[in-house]
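Novice: If you read the sequences in order, they're chains A and B. The first sequence runs 1 to 760 under the working numbering. The second sequence runs 761 to 922 under the working numbering. From the three backbone atoms N, C-alpha and C, an ideal C-beta is built for every residue, glycine too. Nothing here was measured: the structure is a model prediction, and the numbers come from that model.
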Amino acid sequence: MPVLEKFAQYDAEMQALIAEVEMISPSVVTTMGRRSFLKLAGLAGGGLVLAFNLDTRSAKAEMAATGDAANTELNAFVRIAPDNTVTVYSKGPEIGQGIKTAFGLIIAEELDADWKTVKVDQAAINPKVYGYQGAGGSTSIPRGWDQLRQAGATARAMLIAAAAKQWNVPVSECTASESTVIHTPSKRKLTYGELAKAAAAQPVPDVAKVPLKTRAEYKLLGKRYTGVDNLKVVTGQPLFGIDVTMPGMVYANYTKCPAVGGKVKSANLDEIKKMPGVLDAFVLEGTGSPAEVMPGVAIIAKTTWEAFKAKAALKVEWDESSASKDSLTQAAAKAKELGPNLPTPAVNIGDVDAAFAAGKVVEAAYDYAMVSHQQLEPEVTTGWWHDGTMELWTPSQQSDRGLGQVTKMLNLPEDKVIVHQTRAGGGFGRRLANDYMCEAAAIAMKVNAPVKLQWKREDDFAHDMFRVGGYHFLKGAVKDGKLTAFQQHLVTFSADGSRPVSGGARSNNSFPVDIAPNVRYAVSLMPLQIPCGPWRAPTDNTQMFVIGSFLHELSVAAECDHVTFLLDWLARPLAPPPSGGPPQDPSRTFNPTRAAGVVKLAAEKSGWGKKLPPGHGLGIAFGFSYGGHIAEAVELSVDAKKKITVHKITVAADIGPIINLSSAENQAQGGAIDGLSTAMGLEIGVEQGRIQETNFGDYPILRMRSAPPVEAHFIQSDFRPSGLGEPCLPPLAAALGNALFAATGERVRTMPFKRAGYTI
Amino acid sequence: MPFQLTINRKPRSVDAPADMPLLWVLRDVLDLKGAKYGCGIGACGACTVLMNGEAVRSCQIPVSAVKGNITTIEGLAEEGKLHPLQKAWIDLDVAQCGYCQGGQILSAASLLAKNPHPSDADINAAMTGNICRCATYNRIRAAIHQAAGDSATKEGGSHAGA
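#1: Check the Cβ-Cβ distances between Ser606 of chain A and every residue of chain B, and say whether any is below 8 angstroms.
#2: With a threshold of 16 other CB atoms inside 10 Å of the CB of Arg467 of chain A, please say whether the residue is buried or exposed.
#3: Could you please tell me which residues of the stretch 874-907 of chain B, in chain order, have their CB closer than 9 angstroms to any CB of chain A?
#4: Checking contacts by CB at 8 angstroms: is Pro781 of chain B closer than that to chain A?
#5: Nearest to Asp698 of chain A by alpha carbon, out of B:Cys804, B:Ala848, B:Gly794 and B:Ile767?
#6: Tell me, please, whether the CB atom of Cys860 of chain B is closer than 8 angstroms to any CB atom in chain A?
#7: Are Asp851 of chain B and Gln906 of chain B close, meaning C-beta to C-beta below 8 angstroms?
#8: On a Cα-Cα basis, can you pick out the residue from A:Lys6, A:Lys309, A:Gly277 and A:Lys642 that is closest to Ser289 of chain A?
#9: How long is the line joining the alpha carbons of Gln375 of chain A and Cys174 of chain A, rounded to whole angstroms?
#10: What do you get for Asn126 of chain A, buried or exposed, if any count of 16 or more other CB atoms within 10 angstroms of its CB means buried?
#11: DSSP three-state label for Glu317 of chain A, please.
#12: Verify the CB distance criterion: does Ile801 of chain B have a CB-CB separation below 8 angstroms to chain A?
#13: Drop a sphere of 10 angstroms on the beta-carbon of Val260 of chain A, count the other beta-carbons inside from all chains shown, and report buried for 16 or more, exposed for fewer.
#14: Looking at the secondary structure, which residues open and close the alpha helix (DSSP H) in which Pro592 of chain A lies?
#15: Taking Gly909 of chain B as part of the alpha helix (DSSP H), name the residues at either end of that continuous run.
#16: Measure how close the beta-carbons of Pro876 of chain B and Ala908 of chain B come, nearest whole angstrom, since I'm counting them as under 8 angstroms.
#17: Looking at the secondary structure, which residues open and close the beta strand (DSSP E) in which Gly470 of chain A lies?
#18: Report, in whole angstroms, the separation of the C-beta atoms of Met158 of chain A and Val204 of chain A, which I expect to be a contact under 8 angstroms.
#19: Distance, Cα to Cα, Gly628 of chain A vs Cys857 of chain B?
#20: Could you say which of A:Val362, A:Gly296 and A:Ala571 lies nearest to His463 of chain A if we only look at CA atoms?
#21: Is the beta carbon of Gly277 of chain A closer than 8 angstroms to that of Thr101 of chain A?
#22: Can you pull the chain A neighbours of Pro777 of chain B, defined as C-beta to C-beta under 9 angstroms?
#23: Quick one: complete alpha helix (DSSP H) runs, 4+ long, within the stretch 603-685 of chain A?
#24: Determine, using beta carbons only, whether Asp243 of chain A comes closer than 8 angstroms to chain B.
#25: Whose C-beta lies closer than 6 angstroms to the C-beta of Glu683 of chain A among residues of the same chain, with five residues either side of it excluded?
#26: Quick one: give me the first and last residue of the beta strand (DSSP E) that Ser266 of chain A is part of.
#27: Please list the terminal residues of the continuous beta strand (DSSP E) segment that includes Phe486 of chain A.
#28: With distance defined between alpha-carbon atoms, name the residue in A:Ile182, A:Val501 and A:Pro613 nearest to Leu17 of chain A.
#29: Measure the C-alpha to C-alpha separation of Leu148 of chain A and Phe282 of chain A and round it to an integer number of angstroms.
#30: If you measure from the beta carbon of Glu915 of chain B to each beta carbon in chain A, is any gap under 8 angstroms?
#31: Against Asn253 of chain A, what residues of chain B qualify as contacts under a CB-to-CB distance less than 8 angstroms, listed in chain order?
#32: Can you grab the Cα-Cα spacing for the pair Val651 of chain A / Gly675 of chain A, in whole Å?
#33: Can a CB atom of chain A be found closer than 8 angstroms to the CB of Asp910 of chain B?
#34: What are the complete beta strand (DSSP E) segments, minimum 3 residues, inside the stretch 316-356 of chain A?
#35: Where DSSP assigns a beta bridge to Thr180 of chain A, which residues make up the other side?
#36: Taking any Cβ of chain B, which residues in the stretch 204-224 of chain A have a Cβ under 7 angstroms from it, in chain order?
Below you can see the structure in the form of structure tokens.
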């Protein structure tokens with residue numbers, strides 16, 4: 001298979017990245033549980049500051065950092081100032097998933113802080129102090145849950161101890177509420193601000209001995225809160241990567257070969273340099289990795305517009321000898337040929353053939369297109385090479401990883417790269433990669449000023465890390481209303497010839513291998529030299545369309561009500577988890593009771609089994625994704641021209657306790673509508689290695705007029721919370737297809753549905 | 761070339777190429793970052809500003825074609841008093857990433873100025889030029905309705921929601 005070694009390396013990095021962001025093992029949780037806190041002294045103005053003692057090495061780094069007066073607050077998670085302000089540092093990126101507010105709420109809850117005086121600031125990017133600082137796999141909340149609650153509870157204990165000492169009363173007679181400690185018998189009160197200095201003199205209690213609240217004791221969590229940055233958002237204050245500005249800053253754009261892997265042979269640089277506002281133009285050889293810097297031409301100008309205008313006049317002759325020649329129309333034809341020829345199965349459980357012979361058999365072929373992220377803020381990073389230091393301002397989802405990448409790429413000492421996290425205008429997995437950050441750093445090395453690299457929207461289309469397409473050839477059998485056998489042949493793409501590309505594999509995390517008592521699973525691979533990567537709920541976003549739709553086909557064949565069929569299927573005995581691996585955190589694994597709970601709730605809230613208006617169809621699907629148990633129902637009608645009107649989407653979710661109900665509902669609504677948008681109309685074409693779509697004109701992201709009402713319902717279980725950025729997207733496509741079948745009798749087995757003639 | 765503009769009720773002189781879109785004049789020359797670059801072809805609405813009260817795509821208007829008063833999201837609140845839409849956006853916690861919301865609010869302001877009590881269909885028609893990639897459409901619709909019914913403007917925005 002003619003695959004560039006660098007390209008295979010790139011894909012391996014993306015696979016590792018997905019594994020890293022998804023990984024939450026109980027060992028991570030226990031380590032958090034044993035964490036203690038450091039009290040930081042020497043702050044200007046006094047007050048109580050708590051930081052985490054991650055391990056000995058980190059603690060030393062932390063102490064060293066606090067010795068530097070300018071950096072004192074950078075590594076603190078909680079700070080209580082004499083003016084009664086509580087400042088919380090959010091270590092992760094805010095990409096629209098709401099963690100900046102949620103992190104503040106979790107700490108404030110255990111601290112018994114007055115939410116009105118809590119301020120949340122973005123923490124510095126310093127993995128030595130904070131550990132993981134990315135946002136991916138819907139893991140920010142589950143990773144932060146213990147750490148943040150303990151930070152709040154520890155600070156609260158120290159404030160109460162300080163008050164008890166001042167009053168000379170037992171700690172047990174004191175309580176705390178709304179940033180005030182109260183001596184219950186005498187009704188005396190002291191504010192946290194008044195106590196902050198004395199609290200800082202108290203010993204830090206052992207976290208194991210500081211009790212955390214039960215859910216019934218929550219005063220803040222579970223209610224609705226508006227986001228902490230909303231005032232800035234609605235008044236247009238600079239928050240995002242694109243809003244960064246500094247004195248003397250210049251603007252850059254970077255042009256790469258439209259077919260990935262192409263190199264610059266020649267370019268009309270002399271002409272470009274003469275254009276109005278253009279300061280410089282130069283070729284970068286790049287590192288050869290799409291995750292870093294591919295070869296291209298940088299244009300530096302006085303304004304973004306002048307850089308864009310010069311880009312339009314740029315003529316590059318590309319050497320495409322190593323560039324992608326991929327064609328997705330050819331790949332589709334190849335996949336159809338491969339489909340019927342089952343290779344040696346990777347999984348073989350039970351006796352599939354015997355079950356096929358004994359039951360009613362259903363066969364179906366499903367496929368789905370490649371799609372793009374297209375977060376609304378195009379890629380951007382500002383870089384400044386000064387005093388032997390590379391300083392970067394970026395809206396990455398993984399700035400910590402980017403810091404390491406830039407350090408390595410520029411071969412700089414570890415402390416000579418500084419990364420500042422900005423708010424991100426959307427992520428959706430695109431910004432787990434840091435190619436734009438690496439490009440900005442490489443360009444800034446050659447520019448004697450701060451330089452903002454701004455991609456055009458067209459660059460975002462041409463150079464995404466796409467959600468890969470795939471083809472599924474399925475065979476299932478039902479007997480007595482039960483699924484007895486399941487065979488899946490996945491035909492997908494590979495960068496290295498040995499495994500599916502990043503985001504293309506069948507997920508064992510979302511649907512356990514033992515989907516039926518008898519299972520056969522096989523994979524065929526086709527070469528692809530287009531960068532692929534994580535896209536909101538990687539693998540689940542396609543797998544659940546295929547499985548969720550096919551399960552409905554099976555229940556129809558079995559002449560069963562689909563909710564009854566699903567509940568029966570979810571209640572089936574599961575094989576014990578494979579031995580030898582790390583123990584599973586029970587809050588992160590598939591739980592049949594939680595699954596049944598959300599299916600019943602979605603059925604109830606969507607009016608399942610009730611008489612629908614004429615022409616309406618109701619469909620339901622279940623998904624287990626990134627720790628969340630989700631069921632979704634879609635009610636729709638279709639006109640004679642195959643135009644769909646979605647009347648209502650119902651989301652039922654069990655992600656454990658809800659932190660901010662407003663944000664949770666928003667994520668559920670957004671996830672479901674993003675699922676609808678993608679299922680209906682989004683598709684990326686590739687011919688001769690070139691992405692065919694260039695802007696929103698040919699990539700119809702769903703708009704207001706087609707956005708249905710979405711109702712979100714939560715089962716607030718006592719499991720540890722999981723995240724909500726991803727899990728509400730995957731079940732939607734199957735619920736949509738199942739509803740369409742109910743309304744029309746036509747089964748859509750392809751995404752986007754527009755391929756089957758449907759519009760919305 | 762020098763141009764005299766009126767931005768948020770104040771006169772501003774700028775020196776820019778005549779074909780530079782208003783978006784980049786606002787962002788790179790005047791350092792007003794509220795209007796966002798999203799697509800550059802007038803298809804996403806992130807760059808929306810008001811020109812004499814009418815919602816327009818600032819990426820499509822060369823600075824030489826700017827006539828009258830331009831209101832950006834920074835200038836929608838007058839004398840520190842939030843516009844009812846801004847209040848509703850905060851009260852209903854509309855934003856997710858927030859990138860499109862300045863443009864959404866200005867499109868909604870243009871709608872309410874002409875149609876103080878829009879129906880869902882009116883809202884859909886007026887707002888369909890603004891993409892929200894996070895799909896906060898349910899809340900945008902609700903916030904416009906709330907602002908339309910909010911005749912008595914109260915002070916400031918609330919930190920805590922309902």
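Specialist: In short, the structure shows the following:
#1: no
#2: buried
#3: Ala881, Ile883, Asn884, Ala885, Ala886, Met887, Thr888, Gly889, Asn890, Ile891, Cys892, Arg893, Cys894, Ala895, Thr896, Tyr897, Asn898, Arg899, Ile900 and Arg901
#4: yes
#5: B:Cys804
#6: yes
#7: yes
#8: A:Lys6
#9: 49 angstroms
#10: buried
#11: strand
#12: yes
#13: buried
#14: Pro592 to Ser606
#15: Tyr897 to Gly909
#16: 6 angstroms
#17: Gly470 to Lys479
#18: 7 angstroms
#19: 21 angstroms
#20: A:Gly296
#21: no
#22: Pro276, Gly277, Thr303, Trp305, Glu306 and Lys309
#23: 661-681
#24: yes
#25: Ala369 and Pro752
#26: Lys263 to Ala267
#27: Lys482 to Ser494
#28: A:Val501
#29: 47 angstroms
#30: Here Glu915 of chain B scores only 33 on pLDDT, less than 50, and its place in the model should not be relied on; the value that follows carries that caveat. Judged by the 8 angstroms Cβ criterion, Glu915 of chain B is not in contact with chain A.
#31: By Cβ distance, chain B contributes nothing, its closest Cβ being about 12 angstroms from Asn253 of chain A, past 8 angstroms.
#32: 12 angstroms
#33: Bear in mind that a pLDDT of 45 at Asp910 of chain B, under 50, signals an unreliable position, so the number given afterwards is only what the model happens to contain. Output row for Asp910 of chain B: interface = no.
#34: 316-319 and 347-349
#35: A:Ser177 and A:Thr191
#36: Arg224
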